[in-house]
DNA sequence: AGTATATGCAACCAATTAGTTGCATGTCAA
DNA sequence: TTGACATGCAACTAATTGGTTGCATATACT
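Residue numbers (UniProt numbering), protein chains in the order written: chain A, 1 to 92; chain B, 1 to 92.
Structure, rendered in structure tokens:
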């Protein structure tokens, strides 16, 4: 796979998106609603579902989040692949 | 040192800043003018010295660039330290 | 069928940001 | 000390972006 470094770094540049990755990394396969609930409850974020949905789009464009449809739900999964070799050239 | 992840990721989210890191990584201790020249000549960038100066500020805030005064010059150096453990928690 | 739930999409807004231009400061060298 | 060179700083602009609100679509359940 040929990852788009720019999309990856841009996706990682927002703290809310990094928080989303933290959540998905710890507890894989969340729906948008579950994720929203966790971000608001657990992390005290005040943000709408739609805003989080846009963050997910950015993360998907970067390949950092993948999703599959499960009936009425869409479960989100963290994909660490784009992160390997991301810093190559600067650190070993 | 306690690095500011947000500053680091934000600094890395711009392709011109990443290019600056590439240049400084390959050829350490450049002045602002030398760096500007290389970015324009070697990489075909069309950007002003002042714009690059602002990028340097962002990189310095993130700890990724350090500088020391040498008379009338200010030489820039790449500092990879903030990059270690940057992706910790997501990849090993 | 009809309602509730989960998500998708688009227009809009305020704040941030990458860039510019113009001018000021500081240091070396003749 | 005067001129040339390297950098610093501030105001302004256009584009991007994180967020919102409102409405549309899709699937499940009774």
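Every residue, glycine too, gets a C-beta built ideally from N, C-alpha and C.
How big is the Cα-Cα spacing for residue i and residue j?
i	j	result
residue 72(B)	residue 65(A)	49 Å
residue 76(A)	residue 57(A)	11 Å
residue 59(B)	residue 41(B)	22 Å
residue 80(A)	residue 90(B)	7 Å
residue 14(A)	residue 37(A)	19 Å
residue 67(B)	residue 88(A)	23 Å
residue 49(A)	residue 27(B)	46 Å
residue 47(A)	residue 47(B)	37 Å
residue 78(A)	residue 78(B)	31 Å
Take residue i and list the residues in its own chain whose beta-carbon comes closer than 8 Å to its own, dropping the five residues that flank it on each side.
i	result
residue 83(A)	8, 64
residue 19(B)	39, 43, 45
residue 5(A)	86
residue 31(B)	73, 74, 75, 76
residue 17(A)	11, 55, 58, 59
residue 33(B)	49
Among the candidates the options, whose CA atom is the shortest distance from the CA of residue i?
i	options	result
residue 70(B)	21(B), 1(B), 29(B), 14(B)	29(B)
residue 92(B)	13(A), 25(A), 15(A), 61(A)	25(A)
Within its chain, find whatever has a CB closer than 7 Å to the CB of residue i; leave out the 5 residues flanking it on each side and keep chain order.
i	result
residue 3(B)	63, 82
residue 35(A)	20, 23, 52, 76
Taking 6 Å as the limit between beta carbons, can you name the residues of its chain near residue i, skipping five residues before and five after?
i	result
residue 61(A)	7
residue 1(A)	none
**Report entry** Start-end ranges of the alpha helix (DSSP H) lying completely within the stretch 21-60 of chain B, minimum 4 residues
**Finding:** 32-43
Using a Cβ cut-off of 8 Å, which residues of the stretch 17-44 of chain A contact any Cβ in chain B, in chain order? 18, 21, 22, 25
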